[in-house]
Amino acid sequence: MSENLASLFQDYYCSLSNKNYSVDTVDRVFGGASRETYKIKLSDDSGNIEKLVLRLSQDSSLIETEQKTEYLAYSAFQNSQVPVPELIDMDESSERLGKPFMLMKELKGEAASPFTPDVYHPHEKDLGKQFWYILGQIASAQIDKKIFESLSSESKDPHWKQELDKWVKVIRDDSISIEPILEAGIRYLYRNPPEENDHQCLVHGDYRSGNFLYLENKVTGILDWEMAHIGNPLEDLAWALSPIWSWQDKQRPAYLISREEALTIWEESSKIQIDQDQLDWWEIFAAVKGMAIWISAGHEFKTGTNIDPINLFSAWIPGDIHLEVILDFLEAKL
Amino acid sequence: MKPEINIALLNAAQEIIGRFSPLIEDEYERSRLGSWGALVLISAMKFNDAASSLEKENKDVVDWLERVGKFNIKDLHSEGYVTGDTTIDQLDKNNQLLRNLLNRTVATLEENGELKVIGSAFDLMRSMHQRRKVSDLIGLLQQAES
Chain A
617 MSENLASLFQ DYYCSLSNKN YSVDTVDRVF GGASRETYKI KLSDDSGNIE
667 KLVLRLSQDS SLIETEQKTE YLAYSAFQNS QVPVPELIDM DESSERLGKP
717 FMLMKELKGE AASPFTPDVY HPHEKDLGKQ FWYILGQIAS AQIDKKIFES
767 LSSESKDPHW KQELDKWVKV IRDDSISIEP ILEAGIRYLY RNPPEENDHQ
817 CLVHGDYRSG NFLYLENKVT GILDWEMAHI GNPLEDLAWA LSPIWSWQDK
867 QRPAYLISRE EALTIWEESS KIQIDQDQLD WWEIFAAVKG MAIWISAGHE
917 FKTGTNIDPI NLFSAWIPGD IHLEVILDFL EAKL
Chain B
10 MKPEINIALL NAAQEIIGRF SPLIEDEYER SRLGSWGALV LISAMKFNDA
60 ASSLEKENKD VVDWLERVGK FNIKDLHSEG YVTGDTTIDQ LDKNNQLLRN
110 LLNRTVATLE ENGELKVIGS AFDLMRSMHQ RRKVSDLIGL LQQAES
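The listed protein sequences correspond, in order, to chains A and B.
Residues 617 to 950 in my numbering are what the first sequence spells out, letter by letter.
Residues 10 to 155 in my numbering are what the second sequence spells out, letter by letter.
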């Protein structure tokens, strides 16, 4: 695949840039379940090097998302307080590279595994302050009207219901086992809906440890916006806070700084005051949404559609953790 | 079967993680094989108890349903519950049936506001989850990967 891709990409990029380039390396990045991500290094006739990141749609993706969604989300934050890669191109057809794709410049930095404690040590405090501050900036950002409209749903239902319905449908479509804990969680969410917030924002959809780049003590990029949509700002906050991303140190969400400090920074940055009951709802929702993703992964694996081990891992470990999170919440609410 | 299947799997995981994975230069393929090693390791750890855990879980759910849901074993048989067959396939079929009944019973309890009994259902769900969960092996996986 890589050799074929390298050849296709070289032709495409030379045509796009109107210059001669040769592809030096094409390296696939391990871990993503919704896109095939490649780091591509090219050099021109003068020896100048370009480092790019190519995101291809997968033949089988856990959650069907369009390249355009991610492209628009990145577009919304070009040259802003929210660090994102510089966009180069996007193609929703399969004509040029065999699959729809998005192309951007590579940012400096590395992404950590969300399941490794102390992975950010000794910079967890600096990184934590930036991580929660940037999320507040996303929540309060004024989004370009056209982008906002493109990412808005046509449904008149409140955002919480649109999101819950969407993920429950994934669960209904892909479940291979009955999970009484999950079902009790879903019933709780429908029985106790949150107030519809006037504040709508661009929701990242997967803002968490592991989806940002960092270089020593600096957050250099927020990645993986393919689930972006317009919705409630607490959705991203609750997802980022989910205990799954700090399972071995639950007091320090995302293995960065304390929950209390994180919430204070987010409130100051977003200028939104948190209602604890509303946040509770979104935190249970986060676990149900997580279960939908892990169930979908298990379904892909079991049916043989995509036997990438990340799908089996997702169904086993994160699936386990989010069930426990739901049960903890339900017991606390009883 | 001697040596036992779980021992074979453990050794296979060790070979994949420690011997073969580091030989692969391509970072993506190396990570992918390393992940397979970790998943084989989890399988090995859970293999021995797979059947007995399911059997115990099924018994716990039956006991709870009899106590709370007014089901008896005859009702369960009429729903498709099979006794006397302890193959994993059959235990799993029974398990899915029982989970469905547990779910339906809890939904009814919620509608009736029977909080105390719902609490006992949560206790049961927690013990079921504790028995089958593999998330406590995360630390082991991290050790294996490093």
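No residue lacks a Cβ here, since even glycine has one placed at the ideal position from N, Cα and C.
C-beta contact flag for residue i and residue j at 7 Å
i	j	result
I846(A)	Q816(A)	yes
A22(B)	L50(B)	yes
I937(A)	I860(A)	yes
Y90(B)	N104(B)	no
L818(A)	I759(A)	yes
G826(A)	A844(A)	no
E722(A)	V669(A)	yes
S44(B)	P925(A)	yes
E947(A)	F56(B)	no
E66(B)	R140(B)	yes
S912(A)	D742(A)	no
K918(A)	I792(A)	yes
G46(B)	I33(B)	no
Q746(A)	S885(A)	no
L767(A)	H138(B)	no
P730(A)	Q683(A)	no
L829(A)	A727(A)	yes
W776(A)	P738(A)	no
I881(A)	W783(A)	no
Inter-residue CB distance, residue i and residue j (contact presumed, cutoff 8 Å)
i	j	result
G914(A)	A931(A)	3 Å
M720(A)	E702(A)	6 Å
E119(B)	R803(A)	6 Å
L672(A)	E666(A)	In fact, because the Cβ distance is near 18 Å, the residues do not count as touching under 8 Å.
S858(A)	V735(A)	Rounded, the Cβ-Cβ distance is 17 Å, inconsistent with contact.
L133(B)	V70(B)	7 Å
W855(A)	R824(A)	6 Å
G744(A)	L831(A)	Not really, about 15 Å apart at Cβ, beyond 8 Å.
P869(A)	E812(A)	About 26 Å; that fails the 8 Å criterion.
A60(B)	N15(B)	About 12 Å; that fails the 8 Å criterion.
L944(A)	P733(A)	First, the amino acid is wrong: residue 944(A) is Asp here, not Leu. The Cβ separation is near 19 Å, so there is no contact.
M650(A)	Q674(A)	With the sequence shown as reference, residue 650(A) is identified as Ser, and Met is not the correct amino acid for it. Yes, S650(A) and Q674(A) are in contact; Cβ-Cβ is about 7 Å, under 8 Å.
Three-state class that DSSP yields for residue i in the structure shown
i	result
T880(A)	helix
K667(A)	strand
V71(B)	helix
V645(A)	strand
E708(A)	coil
K83(B)	helix
S659(A)	strand
D936(A)	helix
G752(A)	helix
S886(A)	helix
R651(A)	strand
K721(A)	strand
D814(A)	coil
S638(A)	strand
Y830(A)	strand
V835(A)	strand
H775(A)	helix
E64(B)	helix
I97(B)	helix
V143(B)	coil
L805(A)	helix
H138(B)	helix
S768(A)	coil
G914(A)	helix
L703(A)	strand
L107(B)	helix
G744(A)	helix
V819(A)	strand
S30(B)	helix
Contact list for the segment 793-810 of chain A against chain B, Cβ threshold 7 Å:
Within the segment 793-810 of chain A, the residues whose Cβ lies closer than 7 Å to some Cβ of chain B are S793, I794, P796, I797, E799, A800, R803, listed in chain order.
Any residues in the segment 30-43 of chain B with a beta carbon nearer than 7 Å to a beta carbon of chain A? Which ones, in chain order?
Of all residues in the segment 30-43 of chain B, E36, Y37, S40, R41 have a Cβ within less than 7 Å of some Cβ in chain A.
So, do the segment 875-882 of chain A and the segment 793-813 of chain A have three or more beta carbon pairs nearer to each other than 8 Å?
Counting Cβ pairs under 8 Å, fewer than three are found: no touch.
Cβ-based contacts, 7 Å cut-off: residues of the segment 95-124 of chain B near chain A:
Listed by position, the residues of the segment 95-124 of chain B near chain A (Cβ gap below 7 Å) are Q105, R108, N109, L111, N112, V115, A116, E119, L124.
Which residues, in chain order, does the segment 632-647 of chain A contribute to contact with chain B at a C-beta distance below 9 Å?
Those residues of the segment 632-647 of chain A that come within reach of chain B (Cβ to Cβ, closer than 9 Å) are D643, R644, V645, F646, G647.
Is the segment 625-640 of chain A close to the segment 652-659 of chain A, with three or more CB pairs under 8 Å?
Segments in contact, yes.
So does the segment 850-860 of chain A actually touch the segment 694-711 of chain A, counting three or more Cβ pairs closer than 8 Å?
Verdict: no, contact absent.
The segment 929-946 of chain A: positions lying closer than 7 Å to chain B by Cβ
Taking 7 Å as the upper bound on Cβ-Cβ separation, chain B lies near residues F929, W932, I933, D936, I937, L939, E940, L943, L946 of the segment 929-946 of chain A.
Could you please tell me which residues of the segment 134-147 of chain B, in chain order, have their CB closer than 7 Å to any CB of chain A?
Taking 7 Å as the cut-off between beta carbons, the residues of the segment 134-147 of chain B near chain A are M134, R135, H138, K142, V143, S144, I147, in sequence order.
Can you find at least 3 beta carbon pairs, one from the segment 107-117 of chain B and one from the segment 76-93 of chain B, that sit closer than 8 Å?
Because the criterion of three Cβ pairs below 8 Å is met, the segment 107-117 of chain B and the segment 76-93 of chain B touch.
Residues within the segment 853-881 of chain A neighbouring chain B, beta-carbon criterion of under 8 Å:
Flagged, chain order: W863, Q864.
Quick one: which residues of the segment 44-72 of chain B get their C-beta closer than 8 Å to a C-beta of chain A? List them in chain order.
Listed in chain order, the positions of the segment 44-72 of chain B with a beta carbon within less than 8 Å of a beta carbon of chain A are S44, W45, A47, L48, I51.
Taking a cut of 7 Å between CB atoms, which residues from the segment 713-733 of chain A lie near chain B?
Against chain B - using a Cβ distance shorter than 7 Å - the residues of the segment 713-733 of chain A are F731, T732.
Taking beta-carbon pairs under 8 Å, can you tell me which members of the segment 915-930 of chain A lie near chain B?
Answer set for the segment 915-930 of chain A: D924, P925, I926, L928, F929.
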